[in-house]
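Chemist: Following this message is one structure expressed as structure tokens.
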Amino acid sequence: MCSPVPCRQCGKTTWRGCGEHVDQVRAAIPADQWCGHEQD
Numbered sequence: 609m610c611s612p613v614p615c616r617q618c619g620k621t622t623w624r625g626c627g628e629h630v631d632q633v634r635a636a637i638p639a640d641q642w643c644g645h646e647q648d
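609 is the number of the first residue of the sequence shown in my numbering; add one for each residue after it.
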């Protein structure tokens, strides 16, 4: 399961986990608070 976590670079919300549930995580986060960095 994926879950929201703060980005280490910008502090906005990103995700961690398997990658299959990213859409569910993103649906709960306003677009302007979502990180645009590549996932490590």
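Even for Gly, the Cβ is constructed at its ideal location relative to N, Cα and C.
What first and last residue would you give for the beta strand (DSSP E) that runs through arginine 624?
Modeler: 621-624
Chemist: Taking the alpha helix (DSSP H) that arginine 616 falls in, what are its first and last residues?
Modeler: Looking at the DSSP string, arginine 616 is not in any alpha helix (DSSP H), and its letter there is neither H nor E.
Chemist: With distances taken Cα to Cα, identify the nearest neighbour of alanine 639 among Thr622, Glu646, Met609, Glu628.
Modeler: Thr622
Chemist: Where do the N-terminal and C-terminal ends of the alpha helix (DSSP H) with glutamine 632 fall, by residue?
Modeler: 630-635
Chemist: Let's test the definition: count the other Cβ atoms within 10 Å of the Cβ of valine 633 and tell me whether it reaches 16, buried, or not, exposed.
Modeler: buried
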